[in-house]
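**Student:**
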Ligand SMILES: [Zn+2]
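Numbering (our numbering), first residue to last: 439 to 524.
1) Between the C-alpha atoms of residue 479 and residue 458, what's the straight-line distance to the nearest angstrom?
2) Could you compute how far the alpha carbon of residue 523 sits from the alpha carbon of residue 469?
3) Report all residues from its chain with a CB closer than 7 Å to the CB of residue 491; omit the five preceding and five following residues, and keep chain order.
4) Counting C-beta neighbours from all protein chains within 10 Å, is the total for residue 448 16 or more, i.e. buried, or is it exposed?
5) Rounded to the nearest angstrom, what separates residue 519 and residue 513 at their Cα positions?
6) Note down the Cα distance separating residue 471 from residue 505, rounded to an integer number of angstroms.
7) Just grab the DSSP bridge partners of residue 506 for me.
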């Protein structure tokens, strides 16, 4: 055995992980676009500290995540959403 051999980690089985992705909430309601004026909606996709929640956590699909990102950035410019929280 080579000296630098890594300790064998316990292999994660598929049981540990969530098998199914959370469906994108925008796709469910067949949203064509995400409005920057919809602040209450966008607030769900912004963390406590004002960061945009990543797709792997929010479950948003790639297409809608892109829209959320632009919408949040627009909303920030007109001060609907914070850049950071103090
Ligand atoms: Zn979607």
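Cβ coordinates follow ideal geometry from the N, Cα and C atoms, glycine included.
**Tutor:** Looking at the atomic coordinates:
1) 24 Å
2) 29 Å
3) 483, 484, 485
4) exposed
5) Those two C-alpha atoms are separated by around 6 Å.
6) 7 Å
7) Looking at the DSSP assignment, residue 506 forms no beta bridge with any residue, so it has no partner.
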